[in-house]
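Structure first, then comments.
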Amino acid sequence: MRAQANFLFVISAALFSALLIYTAVMLLNFSGPYFSGPRQDLQELRAIQLSDTLISTGGRWQNATGSGADWEAHTGSLALAGLASSYHNLSAAKIEAFANLTDDKMREMYGNDSLYFFCIREIGSSDCSILASNNTAFQGKIIRRYAHYINRTVEVRAGVW
Amino acid sequence: MSGRRAWLRMLEVVLAGSMLLGYLSYIEHTFQRPAAISLESIADEKLAQDIMVSMDLMAEGNTTYMRRCLAQGNYTCIEGYTREVLPGNYLFSYTIGSYKTRDIPQGGKVTSAEYLIYDQNNTQAVSYRLRLSVWSAI
Chain X
-8 MRAQANFLFV ISAALFSALL IYTAVMLLNF SGPYFSGPRQ DLQELRAIQL SDTLISTGGR
52 WQNATGSGAD WEAHTGSLAL AGLASSYHNL SAAKIEAFAN LTDDKMREMY GNDSLYFFCI
112 REIGSSDCSI LASNNTAFQG KIIRRYAHYI NRTVEVRAGV W
Chain S
56 MSGRRAWLRM LEVVLAGSML LGYLSYIEHT FQRPAAISLE SIADEKLAQD IMVSMDLMAE
116 GNTTYMRRCL AQGNYTCIEG YTREVLPGNY LFSYTIGSYK TRDIPQGGKV TSAEYLIYDQ
176 NNTQAVSYRL RLSVWSAI
């Protein structure tokens, strides 16, 4: 009788532990996306949008008197920065003007509480020799893209948080 | 005896609980919406698209690098360029017409992007539909 009770105890304990572990794993899997997913997704989505705007468009300036894509000549009226002279073809003048934009202007475009990161570099290089943002503390999602610049392919990295 | 009853009761609860969980998981599996396209896949698709656009923009004489490779049927030169720019943790395959440069794995996450090249020569116009599939090597 005692041996049978012990046997039942062992079986029950094993089943109970297995179910406890199963439930815990299921709850962790279920809750994961709700706590960490949306934030990372939002960062990645913003990075994709930002990189698309930078490499696919020429940007836009706008004020009371006019508007146009040559914002590098009207940085005071810059509405949205883009670095392309044509689709995926980066302009040296726009990159230079972008590198000289003030932090206030950046915050005006990307949001007051935003952190941002930009890097344009040669393929295989570790230095952002073509464009570098000063923000080394950036911890958000950075997306990697490729574009054309002076008859060669360059790597564009961008992130905004 | 009362101890044994308690364990049997616990066993009943455990079995009932596991049946309930199984049933809930079946309901979730049956009625869940189709999985959304992940942002990671969108990022990889853009990466693949960027490579083909860049290759198409790369001027070489009076044509572009990519057009020259395609006109010569030299797919290894397209692959060589892609290997240079694509990060090391990616593998890739081009599908050009009915030709495939490498077998695409059946399982795992493969992301593809398409690109159409229209090449107007002096005598004839040729169009190529390229499909670049990328997947993680790890």
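As they're listed, the protein sequences go chains X and S.
When we follow my numbering, the leftmost residue of the first sequence carries the number -8, and every step to the right adds one.
When we follow my numbering, the leftmost residue of the second sequence carries the number 56, and every step to the right adds one.
Just so you know, even glycine gets a beta-carbon here, dropped at the ideal spot from N, CA and C.
Cβ-based neighbour list, residue i, same chain, cut-off 8 angstroms, excluding 5 preceding and 5 following
i: Tyr78 (chain X); result: Ser47
i: Leu190 (chain S); result: Before going further, note that residue 190 (chain S) is Trp rather than Leu in the sequence given. So the qualifying residues of the chain are Tyr145, Leu146, Phe147, Ile159, Pro160, Gly163, Lys164, Val165, Thr166.
i: Ala9 (chain X); result: none
i: Ser194 (chain S); result: Because chain S in this structure spans residues 56 to 193, residue 194 (chain S) falls outside the shown range and cannot be described.
i: Val145 (chain X); result: Leu81, Ile111, Arg112, Glu113, Ile114, Ile121, Tyr137, Ala138, His139
i: Leu141 (chain S); result: Leu102, Ile106, Phe147, Val189
Residues near residue i in its chain [Cβ-Cβ closer than 7 angstroms; skip 5 each side]
i: Thr156 (chain S); result: Tyr130, Glu134, Ser148, Tyr149
i: Ala75 (chain X); result: Ile46, Ser47, Thr48, Gly49, Leu81, Ser82
i: His65 (chain X); result: Trp52
i: Ala60 (chain X); result: Gly49, Gly50, Arg51
i: Ile151 (chain S); result: Tyr130, Tyr183, Leu185
i: Ser117 (chain X); result: none
i: Gln31 (chain X); result: Lys132
Per-residue burial, residue i [other beta carbons within 10 Å of its own, 16 or more giving buried]
i: Glu63 (chain X); result: buried
i: Phe109 (chain X); result: buried
i: Phe(-2) (chain X); result: exposed
i: Arg138 (chain S); result: exposed
i: Leu187 (chain S); result: buried
i: Tyr81 (chain S); result: exposed
i: Glu95 (chain S); result: exposed
i: Asp99 (chain S); result: buried
i: Arg60 (chain S); result: exposed
i: Ala134 (chain X); result: Looking at the sequence shown, residue 134 (chain X) is not Ala but Ile. So Ile134 (chain X) ends up on the buried side.
i: Ile86 (chain X); result: buried
i: Ser93 (chain S); result: exposed
i: Glu67 (chain S); result: exposed
Alpha-carbon spacing of residue i relative to residue j, whole angstroms
i: Tyr13 (chain X); j: Gly50 (chain X); result: 52 angstroms
i: Met121 (chain S); j: Leu76 (chain S); result: 56 angstroms
i: Thr119 (chain S); j: Thr44 (chain X); result: 25 angstroms
i: Ser42 (chain X); j: Asn142 (chain X); result: 20 angstroms
i: Glu169 (chain S); j: Leu185 (chain S); result: 6 angstroms
i: Arg112 (chain X); j: Leu79 (chain S); result: 51 angstroms
i: Ile121 (chain X); j: Asp105 (chain S); result: 18 angstroms
i: Ala180 (chain S); j: Lys101 (chain S); result: 28 angstroms
i: Lys96 (chain X); j: Ile97 (chain S); result: 29 angstroms
i: Leu125 (chain S); j: Asn126 (chain X); result: 42 angstroms
i: Leu18 (chain X); j: Leu11 (chain X); result: 11 angstroms
i: Thr93 (chain X); j: Gly116 (chain S); result: 40 angstroms
i: Gly115 (chain X); j: Tyr137 (chain X); result: 12 angstroms
i: Arg98 (chain X); j: Asp104 (chain X); result: 7 angstroms
i: Gln130 (chain X); j: Asp111 (chain S); result: 34 angstroms
i: Ala192 (chain S); j: Lys132 (chain X); result: 21 angstroms
i: Val69 (chain S); j: Ala5 (chain X); result: 11 angstroms
i: Gly128 (chain S); j: Ser58 (chain X); result: 46 angstroms
i: Phe7 (chain X); j: Gln34 (chain X); result: 41 angstroms
Within chain A, the residues that residue i reaches when beta carbons sit closer than 9 angstroms
i: Arg148 (chain X); result: Protein chains X and S are contained in the structure displayed, whereas chain A is not.
Sequence-distant residues of its chain with Cβ nearer than 6 angstroms to residue i (five each side left out)
i: Arg37 (chain X); result: Val151
i: Tyr107 (chain X); result: Tyr101, Val151
i: Arg148 (chain X); result: Cys110, Ile133, Arg135
i: Gln40 (chain X); result: none
Beta-ladder partner(s) of residue i, from DSSP
i: Val147 (chain X); result: X:Ile111, X:Arg136
i: Ile172 (chain S); result: S:Tyr183
i: Val189 (chain S); result: S:Phe147, S:Thr166
i: Leu122 (chain X); result: X:Ile111
**Q.** Every unbroken beta strand (DSSP E) inside the stretch 111 to 160 of chain S [3 residues or more]
**A.** Here the runs fully enclosed are 145 to 151.
**Q.** Segments assigned alpha helix (DSSP H), at least 4 residues, entirely inside the stretch 38 to 97 of chain X
**A.** 83 to 90
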